[in-house]
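Colleague: I have a structure I would like to understand better, so I am pasting it below and will then ask my questions one at a time.
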Amino acid sequence: MNTTITINGKPHTLPTKTTLRDIITHITGHTITPEGRTPTGTSLGIAIALNNEIIPRNNWATTIPGPNARIEIVTAVQGG
1354 MNTTITINGK
1364 PHTLPTKTTL
1374 RDIITHITGH
1384 TITPEGRTPT
1394 GTSLGIAIAL
1404 NNEIIPRNNW
1414 ATTIPGPNAR
1424 IEIVTAVQGG
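Residues in the sequence shown are numbered from 1354 upward in steps of one, following the numbering used here.
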C-alpha cells in the first residue's frame, strides 16, 4: 500500500512504511546509520521537519510519516 506525502513542496507517493531515514537515503544516495549519520560517523548537514516539527536525527530510522504529511529537508551550506 502507498501513501502520498509532500517533500519540499512536491508530492511524492511512497510505500506506507517508509521511514524518514529511507527518504533521506533515497534523496541523498548516502547510506545512513540508525543514528542518522554516515557509516563513517560524519553528519550529512541535514535537518528534517515533519509537519513543522524538527525530528531529531536519532529518530529518523523509526519515524514513519502519515498520509498527507509535509516534510521539509534543509541542508546546511557553508559561506559567509
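From the three backbone atoms N, C-alpha and C, an ideal C-beta is built for every residue, glycine too.
Does the stretch 1408-1426 touch the stretch 1374-1390, meaning 3 or more C-beta pairs lie closer than 8 angstroms?
Modeller: yes
Colleague: Mind checking who H1365 pairs with in its DSSP beta bridge?
Modeller: The sequence position of residue 1365 within the sequence shown is 12, counting from 1. In the DSSP output, where bridge partners are listed per residue, H1365 has I1358.
Colleague: T1378 by DSSP, collapsed to three states: which one?
Modeller: Within the sequence shown, residue 1378 is the residue found at index 25, counting from 1. DSSP places T1378 in the helix class (H, G or I) of the three-state scheme.
Colleague: Of all the options E1425, R1410 and G1398, which has the alpha carbon lying nearest to the alpha carbon of N1404?
Modeller: In the sequence shown, counting from the first residue as 1, residue 1404 sits at position 51. Minimum Cα distance to N1404 is reached at E1425.
Colleague: Excluding the 5 residues flanking M1354 on each side, which residues of the same chain have their C-beta closer than 6 angstroms to its C-beta?
Modeller: The residue labelled residue 1354 in the question sits at position 1 within the sequence shown. Contacts found: T1369.
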